[in-house]
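Peer 1: Letter by letter, the sequence shown follows residues 23 to 412 of this note's numbering. The structure follows.
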Amino acid sequence: MRLAVIRTLFLNLLRDRSALAMAFILPPIFFAVFASIFANTTSGDLTVKTAIAVPDTQMGRYFASGMGRIESLDIVLTATTEDPVRRAVRLGQADAGLIVRVGEDEKLEFEIVSDPSRRIAERMLEGAVAEMAGRNAPQTRLQEAIAFLQEEVITFTPDQQRAIGEQLSELDPADIDLGDSAPSVTITPVAGAVSSASYYAIAVAMLFVFLSSLQGALTMIESRESGIFDRLAVSPGGPAVVVDGSFAFLTLQGLVQGAVIFALGWLAFDVPALSYLWVIFVIVLCGALAAAGITLAIVALCQTRRQAHSIGTILILLMAALGGSMAPRILMPETFQKIGGLTPNAWGIEAFSGVVIRGGDVSTILPWCVALALTGIAGMLVARLAVNRY
């Protein structure tokens, strides 16, 4: 008898493809995602997209050239003024920014423009500045001495300056020890002092809005199995009225759920919810629209509750893992960052970060919110078409 039970369960598992995926496909995928994330962060392969502003002098150009040779940095912008650097960080085009100035004593001073949601980038850039400006930066220190000689003692010809530049650029930083004085580094959040908990507020909200929406959307299958769709088929609205009503309810549910999460963040974790109330409302509303549309489409296209629950859970967890709801996308390999950028979770997080964390304006959130809303509407239309065939 026990063997018969085992055989029955085994056959049921083989017939249920969604259960097979949950048991044998989803776990390896999640292992691959998280193993890649943590291997990337612990192996030193993490690359920080950096914007740099340096003085338009030979010293500034030497410093920028040296920063470009640091493997952990990807210099996406080099400017001679500060505004392009701050704008690049605010728009998310750079993970962090570095502004280099010449102080009163002719020493280089550094300001790191940081994105509080990408704190690790700030720390890595600070370490790179210390490497370049401290004892391991002979090019910069020698150039300071050469600049003093040229100003106070001798004037080098253009050919001599070019030859000096070539020699300095070929120096190995490990070859010369010029002392260990620490550079002057200040760190400025691009939008002022913002709690890093703000990132996790929107990240968690995007994850659980989808999970809750899936549970609500599953009631459509109960309506179908109870014969409600058959009775609605002869009514003027048809079965699609169930989709419309569910879409409206799930959107309102997601909006309330987001409000609860941000209220807790405001009360306990210094999330600036009141200061950006309208921004949060719009983003959460668009995220709820996307969640309602996607989950309704998944449920409408599935035949059983178990199938819809399994497939929906797989997709939602994958979107959360790749989109930044479980770990910031900056920690992921470049390929995963690009894939994650196609998920609604990433759109909601980028919209929120662009305004609340990086200090952008309404134009910052517009593309992301439009993408979320259109995705939700498209999902609802797919669900309407699917239920009409019942």
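Even glycine gets a Cβ: it sits at the ideal position worked out from N, Cα and C.
Rounded to the nearest angstrom, what separates residue 387 and residue 328 at their Cα positions?
Peer 2: Taking the straight line joining both Cα atoms gives about 36 Å.
Peer 1: Beta-carbon within less than 7 Å of residue 277's beta-carbon, same chain only, minus the 5 sequence neighbours each way: which residues are those?
Peer 2: 306, 307, 310.
Peer 1: Which of the three DSSP states, helix, strand or coil, is assigned to residue 346?
Peer 2: The answer is coil: DSSP assigns residue 346 none of H, G, I, E or B.
Peer 1: Return the Cβ separation of residue 314 and residue 272 in integer angstroms, given the expectation that the two are a contact with Cβ distance under 8 Å.
Peer 2: That belief holds up - the Cβ atoms of residue 314 and residue 272 are roughly 4 Å apart, short of 8 Å.
Peer 1: What are the boundary residues of the beta strand (DSSP E) that includes residue 136?
Peer 2: Where residue 136 is concerned, the enclosing beta strand (DSSP E) stretches over 130-136.
Peer 1: By the 10 Å Cβ neighbour count, where 16 or more other Cβ atoms means buried, how is residue 6 classified, buried or exposed?
Peer 2: Because the chain here runs from 23 to 412, residue 6 falls outside it and cannot be looked at.
Peer 1: Take residue 120 and list the residues in its own chain whose beta-carbon comes closer than 8 Å to its own, dropping the five residues that flank it on each side.
Peer 2: Result list for residue 120: 72, 73, 74, 75, 89, 107, 132, 133, 134, 135, 147, 151, in chain order.
Peer 1: Alpha carbon to alpha carbon, how far is residue 233 from residue 371? Give it in angstroms, no decimals.
Peer 2: In a straight line, the C-alpha of residue 371 is about 17 Å away from that of residue 233.
Peer 1: Using a 10 Å radius around the Cβ and a threshold of 16 neighbouring Cβ atoms, would you call residue 393 buried or exposed?
Peer 2: Buried: at least 16 other Cβ atoms inside 10 Å.
Peer 1: Could you give the distance in angstroms between the alpha-carbon of residue 318 and the alpha-carbon of residue 208?
Peer 2: Taking the straight line from one Cα to the other gives about 49 Å.
Peer 1: Straight-line CA distance for residue 405 to residue 384?
Peer 2: Their backbone Cα atoms lie some 31 Å apart in a straight line.
Peer 1: Return the residue from the list 96, 381, 100 that minimises the CA-CA distance to residue 86.
Peer 2: Among 96, 381, 100, the Cα nearest to that of residue 86 is on 100.
Peer 1: Assuming contact is defined by CB atoms lying nearer than 8 Å, are residue 105 and residue 143 in contact in what I supplied?
Peer 2: No, the pair does not count as a contact, with Cβ atoms beyond the cut-off.
Peer 1: Three or more C-beta pairs closer than 8 Å, one from the segment 351-370 and one from the segment 278-286: is that the case here?
Peer 2: Counting Cβ pairs under 8 Å, fewer than three are found: no touch.
Peer 1: Starting from the C-beta of residue 28, find all residues in its chain whose C-beta is less than 7 Å away, skip the five residues before and the five after it, and write them out in chain order.
Peer 2: A caution first: residue 28 carries a pLDDT of 48, below 50, which makes its placement in the model unreliable, though a value can still be read off. Contacts found: none.
Peer 1: Rounded to whole angstroms, what is the Cα-Cα separation between residue 198 and residue 109?
Peer 2: Because the pLDDT at residue 198 is just 40, under 50, the model does not fix this residue reliably, and the point stays unresolved.
Peer 1: Rounded to whole angstroms, what is the Cα-Cα separation between residue 195 and residue 84?
Peer 2: In this predicted model, residue 195 has a pLDDT of only 47, less than 50, meaning its place in the structure is not dependable; the value taken from the coordinates is given anyway. Spanning the two alpha carbons is a distance of roughly 13 Å.
Peer 1: In terms of alpha-carbon separation, which member of 369, 320, 380 lies closest to residue 408?
Peer 2: Ranking the options by Cα distance to residue 408, first place goes to 320.
Peer 1: What separation, rounded to the nearest whole angstrom, lies between the Cα atoms of residue 62 and residue 180?
Peer 2: Low local confidence applies: a pLDDT of 48 at residue 62 is under 50, so the model's placement there is unreliable, with the coordinate-based value given in what follows. Between residue 62 and residue 180, the C-alpha separation is close to 45 Å.
Peer 1: According to DSSP, is residue 339 part of a helix, a strand, or is it coil?
Peer 2: Reduced to three states, the DSSP call for residue 339 is helix.
Peer 1: Under 8 Å by Cβ, that's how I've got residue 220 and residue 293 pegged, so tell me the actual separation to the nearest angstrom.
Peer 2: The Cβ separation is near 5 Å, so the contact holds.
Peer 1: Check each candidate in 225, 70, 230 and name the one with the smallest Cα separation from residue 93.
Peer 2: Cα-wise, what sits closest to residue 93 is 70.
Peer 1: Determine the DSSP secondary structure at residue 117, reduced to helix, strand or coil.
Peer 2: Of the three classes helix, strand and coil, the one that applies to residue 117 here is coil, per DSSP.
Peer 1: Going by the beta-carbon positions, is the gap between residue 223 and residue 284 smaller than 8 Å?
Peer 2: Cβ atoms of residue 223 and residue 284: closer than 8 Å.
Peer 1: Helix, strand or coil, according to DSSP, for residue 317 in the structure here?
Peer 2: Residue 317: helix per DSSP, three-state reduction.
Peer 1: What residues in its chain sit with their C-beta under 8 Å from that of residue 376, if we drop five residues either side in the sequence?
Peer 2: Same-chain partners within the cutoff: 112, 113, 114, 382, 386, 387, 390.
Peer 1: Among 138, 137, 78, whose alpha-carbon lies nearest the alpha-carbon of residue 123?
Peer 2: Out of 138, 137, 78, 78 has the C-alpha closest to the C-alpha of residue 123.
Peer 1: Quick one: grab the DSSP three-state call for residue 219.
Peer 2: Residue 219 falls in the helix class under three-state DSSP.
Peer 1: Taking all protein chains shown into account, do 16 or more other C-beta atoms lie within 10 angstroms of the C-beta of residue 300, making it buried, or fewer, making it exposed?
Peer 2: It is exposed - the Cβ of residue 300 has fewer than 16 other Cβ atoms within 10 Å.
Peer 1: Between residue 229 and the rest of its own chain, which residues show a CB-CB distance below 8 Å, the 5 nearest in sequence each way excluded?
Peer 2: Answer for residue 229: 338, 342, 347, 348, 367, listed in chain order.
Peer 1: State the DSSP-derived secondary structure class of residue 386, mapped to helix, strand or coil.
Peer 2: DSSP places residue 386 in helix when its eight states are reduced to three.
Peer 1: Report yes if the CB atom of residue 138 is closer than 8 Å to the CB atom of residue 379, and no otherwise.
Peer 2: Their beta carbons are under 8 Å apart, which means residue 138 touches residue 379 by this criterion.
Peer 1: What does DSSP give as the partner residue(s) for residue 108 in the beta ladder?
Peer 2: Answer by DSSP bridge pairing: none, since residue 108 is not bridged.
Peer 1: Does residue 123 come out as helix, strand or coil in the three-state DSSP assignment?
Peer 2: Strand.
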